[in-house]
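Residue numbers 1 to 225, in full-length UniProt numbering, belong to the letters of the sequence shown in order.
Here is the structure we will look at.
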Amino acid sequence: MSPDPSRPTVTQVDDPRAMRALAHPLRLRLLAALRSHGPQPVGALARTFGIAAGSASYHLRTLAEHGLVVEAPELAHDARERWWRAGAELTSWEPADVLGDPERWAALDVLRRTVLRGYVEQLEAALTAEADLPREWVAASFQGDDRLDLTVQELAELRADLEALFERWHARSDAARPDARSVLIIGHAFRQPDPTNQAPMPPPNPDAPQAHHDTTPAQQTDGAR
Numbered sequence: 001m002s003p004d005p006s007r008p009t010v011t012q013v014d015d016p017r018a019m020r021a022l023a024h025p026l027r028l029r030l031l032a033a034l035r036s037h038g039p040q041p042v043g044a045l046a047r048t049f050g051i052a053a054g055s056a057s058y059h060l061r062t063l064a065e066h067g068l069v070v071e072a073p074e075l076a077h078d079a080r081e082r083w084w085r086a087g088a089e090l091t092s093w094e095p096a097d098v099l100g101d102p103e104r105w106a107a108l109d110v111l112r113r114t115v116l117r118g119y120v121e122q123l124e125a126a127l128t129a130e131a132d133l134p135r136e137w138v139a140a141s142f143q144g145d146d147r148l149d150l151t152v153q154e155l156a157e158l159r160a161d162l163e164a165l166f167e168r169w170h171a172r173s174d175a176a177r178p179d180a181r182s183v184l185i186i187g188h189a190f191r192q193p194d195p196t197n198q199a200p201m202p203p204p205n206p207d208a209p210q211a212h213h214d215t216t217p218a219q220q221t222d223g224a225r
């Protein structure tokens with residue numbers, strides 16, 4: 001059966017060596033750039049990230065060892081030019097599949113935390129950029145969360161529903177439209193840790209700026225995506 005063109009292509013990561021290779025902030029950014037902007041030569045990627053071409057090539061070759069990126073020699077203009085493309089549109093891993101395997105669990109833990117820090121950096125950059133965006137783009141964006149009391153079966157159903165929703169919108173994504181822009185959607189749903197088992201919060205810094213928390217009903221009912 002041929003693959004469904006409306007569904008994103010996926011690289012499944014389950015080898016600890018691949019997890020360790022991907023758990024690097026620069027490699028994650030290189031992969032994201034190839035996915036967002038299409039195939040690019042090493043030189044262009046090096047300029048984008050302010051690194052030497054040799055360093056960019058090293059990190060790309062490391063990703064290529066695990067199929068995360070692949071060379072695109074047909075795009076080169078001469079024998080010295082090296083082009084690369086993403087191996088797939090998405091990368092996926094399943095934490096439940098590595099439970100009980102200490103090496104894989106440790107490697108995946110580092111990868112997931114590296115990705116999480118990247119999410120925070122991108123969210124902070126987006127908040128900074130909002131001040132210069134057209135009003136309609138700011139109004140269309142959202143940030144929210146919700147807390148539910150669910151059974152494990154209901155959480156699995158919620159995950160399936162969200163994955164189907166992501167796939168439906170992925171099928172509508174088309175960068176060729178003149179009014180389309182890159183939009184990042186981050187999804188997390190997890191069983192909350194028991195607060196009695198968590199480390200105490202550090203004392204507040206009296207010199208830190210005080211955050212303003214919007215508690216309007218609209219903000220509370222956005223829900224997490």
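Here a beta-carbon is modelled for each residue, glycine too, at the ideal position from N, C-alpha and C.
In this text the structure is predicted, and so the values were computed from the model without any measurement.
Since residue i sits in a beta bridge, which residues does DSSP pair it with?
i     : result
VAL10 : LEU90
GLU71 : TRP84
By the three-class DSSP mapping on this structure, what secondary structure does residue i have?
i           : result
GLN143      : coil
GLN40       : strand
GLY191      : As written in the sequence, residue 191 is Arg, which differs from the Gly given in the question. Here ARG191 sits in coil by DSSP.
ARG172      : helix
SER182      : coil
GLU65       : coil
HIS77       : coil
VAL134      : Here residue 134 turns out to be Pro, not Val, going by the sequence shown. Coil, per DSSP.
GLY50       : coil
residue 226 : Nothing about residue 226 can be read from this structure; the chain reaches only from 1 to 225.
ASP15       : coil
ALA160      : helix
LEU123      : helix
ARG225      : Residue placement at ARG225 cannot be trusted, given a pLDDT of 30 that sits under 50; what the coordinates show is reported in the next sentence. ARG225 falls in the coil class under three-state DSSP.
ASP101      : coil
HIS24       : coil
ARG177      : coil
Taking contact to mean 3 or more Cβ pairs, one atom from each stretch, closer than 8 angstroms, check whether the region 74-88 and the region 18-28 are in contact. The region 18-28 and the region 74-88 do not touch, with fewer than three beta-carbon pairs separated by less than 8 angstroms.
Under 8 angstroms, with one C-beta from each stretch per pair, do the region 50-57 and the region 130-150 reach the 3-pair mark? Under the 8 angstroms Cβ criterion, the region 50-57 does not count as touching the region 130-150, having fewer than three qualifying pairs.
Does the region 55-70 come close enough to the region 92-109 that 3 or more CB-CB pairs lie under 8 angstroms? Between the region 92-109 and the region 55-70 there are fewer than three C-beta pairs closer than 8 angstroms, too few to call the two in contact.
Can at least three beta-carbon pairs, one atom from the region 157-172 and one from the region 114-121, be found at a separation below 8 angstroms? No, the region 157-172 does not touch the region 114-121.
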